[in-house]
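A.B. asks: Every letter in the sequence shown is one number past the one before it in the working numbering, and letter 196, counting from 1, is 555. Just so you know, even glycine gets a beta-carbon here, dropped at the ideal spot from N, CA and C. Quick caveat, the model's predicted, so the values are computed rather than measured.
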Amino acid sequence: MKKLSILIGALLLVGCSKEPNTTNSNNANSQAETPTVEAKNELLTENEKAFLKFSIEDELKILPTLSSGDNESILLTSHFPVYSADQITNDYDKNEIKANNLYKHKYFFVNGKISGIEAGIDDKPVVRLETKANYGFNSPMLRFNKIDHENVAELSKGSKATFFCVGNSEIGGSPILDDCLFLETFKTGTVNQALEFEDQNISGNDKQWEKAIYTYVSSALFIGQVSNDFQKCKVEDADCINKLFESMSKEEKTKYQEIIKVKLPKASKSLES
Numbered sequence: 360m361k362k363l364s365i366l367i368g369a370l371l372l373v374g375c376s377k378e379p380n381t382t383n384s385n386n387a388n389s390q391a392e393t394p395t396v397e398a399k400n401e402l403l404t405e406n407e408k409a410f411l412k413f414s415i416e417d418e419l420k421i422l423p424t425l426s427s428g429d430n431e432s433i434l435l436t437s438h439f440p441v442y443s444a445d446q447i448t449n450d451y452d453k454n455e456i457k458a459n460n461l462y463k464h465k466y467f468f469v470n471g472k473i474s475g476i477e478a479g480i481d482d483k484p485v486v487r488l489e490t491k492a493n494y495g496f497n498s499p500m501l502r503f504n505k506i507d508h509e510n511v512a513e514l515s516k517g518s519k520a521t522f523f524c525v526g527n528s529e530i531g532g533s534p535i536l537d538d539c540l541f542l543e544t545f546k547t548g549t550v551n552q553a554l555e556f557e558d559q560n561i562s563g564n565d566k567q568w569e570k571a572i573y574t575y576v577s578s579a580l581f582i583g584q585v586s587n588d589f590q591k592c593k594v595e596d597a598d599c600i601n602k603l604f605e606s607m608s609k610e611e612k613t614k615y616q617e618i619i620k621v622k623l624p625k626a627s628k629s630l631e632s
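1. I'd like to know if Lys591 contacts chain D, where contact means its C-beta is closer than 7 Å to some C-beta of that chain.
2. Report the rounded CA-to-CA distance for Cys592 versus Glu543, giving the unit in angstroms.
3. Candidates Val486, Asn587, Tyr573, Phe496: which alpha carbon is nearest Glu513's?
4. Tell me Val621's beta-bridge partners as DSSP assigns them.
5. Just to confirm, is the Cβ distance from Gly526 to Lys465 under 7 Å?
6. Does the separation of the CB atoms of Phe589 and Val576 fall below 7 Å?
7. Report buried or exposed for Leu623, applying the criterion of at least 16 other Cβ atoms within 10 angstroms of its Cβ.
8. Let me check understanding here. Comparing Cα to Cα, which of Lys472, Tyr451, Lys612, Asp565 lies closest to Asn583?
9. Any chance the region 530-540 sits against the region 497-504, with 3 or more Cβ pairs inside 8 Å?
10. Rounded C-beta distance between Ser443 and Asn460? I'm assuming under 8 Å.
11. Hey, could you find the ends of the alpha helix (DSSP H) Glu405 is sitting in?
12. According to the neighbour-count rule (16 or more other Cβ atoms, all chains shown, within 10 Å of its Cβ), is His438 buried or exposed?
13. Can you give the Cα-Cα distance for Thr521 and Ala571, rounded to whole angstroms?
14. Can you tell me whether Cys592 is helix, strand or coil according to DSSP?
15. So if DSSP puts Tyr466 in a beta bridge, which residue, or which two residues, is it bridged to?
16. Would you mind working out which of Ile433, Tyr573, Lys412, Lys519 sits nearest Val550, comparing C-alpha positions?
17. So the candidates are Leu554, Glu605, Asp565, Asp507; which of them puts its Cα closest to the Cα of Asp537?
18. Quick check: is any heavy atom of the ligand ZN less than 6 Å from the C-beta of Ser498?
19. Mind checking whether Glu489 and Lys472 have CB atoms under 7 Å apart?
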């Protein structure tokens, strides 16, 4: 499955840099609160929609296996980095100001072993992740988006987990991660947003999230064009898609990239500037 993710990473068509930006928490994580959403437009064919869903699911299967800082293997982590609980705790222990610049108001994935499950203020769930840093003290505290409050009850101490969160400084030496989502919830929100995507300028507080969605949509469009709407390769045939892409000339790639710019003129232009 990893070849497909590397392929998608190679299709950062227009302005999809790896510099993280701040994100409005009410936008990205609130999208997960709708269980099912129908596409509002016909930007994507049915096969392109199927590929887009498959590619997101494929990457989320790989995500828990990645090491902290491994942000090259899949497209998703080029927009939302993956960090370990140890790295976050170490960074805050060394320099809180520098750590805030890296994590605060930024969305990212965090992985680690659950060391505690508690009821916080107003009985809202709080999860602690085990850390060897600082002798195990000041481990990250995760507070969850309301849609996943009940799911926290199903967690077990000692189990490994990966969550999608936004950084929020530290309290008493413990890094605070807010608005956290389970990967399944994140997947639902991401797929729904991608299927609903409409051409628009990508800027402001939501840029980190919108760039990620745009990249998935533009990649699905690109591969759909190259494969003649997946007549040359099946939607889930990563090897075939990879070989098809590798066989293309530079001129062919440029031609199809221009087609994407025509289909998504506002988004493409805003990322070029």
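C.D. replies: According to the data block:
1. Of the protein chains in the structure, only one exists, and it is not chain D.
2. Along the sequence shown, read from residue 1 onward, the residue named residue 592 stands at position 233. Along the sequence shown, read from residue 1 onward, the residue named residue 543 stands at position 184. If I take the Cα positions, the gap works out to 27 Å.
3. The count along the sequence shown starts at 1 and reaches residue 513 at position 154. The shortest C-alpha separation from Glu513 is found at Val486.
4. On the sequence shown, residue 621 is found 262 positions in, with the first residue counted as 1. DSSP lists no bridge partner for Val621.
5. Position 167 of the sequence shown, counted from the start, is the residue given in the question as residue 526. Position 106 of the sequence shown, counted from the start, is the residue given in the question as residue 465. In contact: Gly526 and Lys465 (Cβ atoms closer than 7 Å).
6. To locate residue 589, count along the sequence shown from 1; it is residue 230. To locate residue 576, count along the sequence shown from 1; it is residue 217. No, these two residues do not count as a Cβ contact at 7 Å.
7. By 1-based counting over the sequence shown, the position of residue 623 is 264. With 16 or more other Cβ atoms within 10 Å, it is buried.
8. Residue mapping note: residue 583 aligns to position 224 of the sequence shown, counting from 1. Looking at the sequence provided, one finds Gly at residue 583 rather than Asn. Checking every option, the nearest Cα to that of Gly583 belongs to Lys612.
9. yes
10. Residue mapping note: residue 443 aligns to position 84 of the sequence shown, counting from 1. Residue mapping note: residue 460 aligns to position 101 of the sequence shown, counting from 1. Not a contact, Cβ separation roughly 19 Å.
11. The residue you call residue 405 lines up with position 46 of the sequence shown. It spans 405-421 - the alpha helix (DSSP H) in which Glu405 sits, taken as one unbroken run.
12. The residue given as residue 438 occupies position 79 in the sequence shown. Classification for His438: buried.
13. In the sequence shown, residue 521 corresponds to position 162, counting from 1. In the sequence shown, residue 571 corresponds to position 212, counting from 1. Rounded to whole angstroms, Thr521 to Ala571 spans 19 Å at the Cα level.
14. Residue 592 sits at position 233 when you count from the first residue of the sequence shown. Here Cys592 sits in coil by DSSP.
15. Position 107 of the sequence shown holds residue 466. In the DSSP output, where bridge partners are listed per residue, Tyr466 has Val525.
16. If you number the sequence shown from 1, residue 550 lands on position 191. Minimum Cα distance to Val550 is reached at Lys412.
17. For the purposes of this step, residue 537 is taken as residue 178 along the sequence shown, with counting starting at 1. When each option's Cα is compared against that of Asp537, the closest is Asp507.
18. Questions concerning the ligand ZN fall outside what the structure shown contains, since it holds no ligand whatsoever.
19. Counting from 1 along the sequence shown, the entry for residue 489 is found at position 130. Counting from 1 along the sequence shown, the entry for residue 472 is found at position 113. The answer is yes: Cβ separation under 7 Å.
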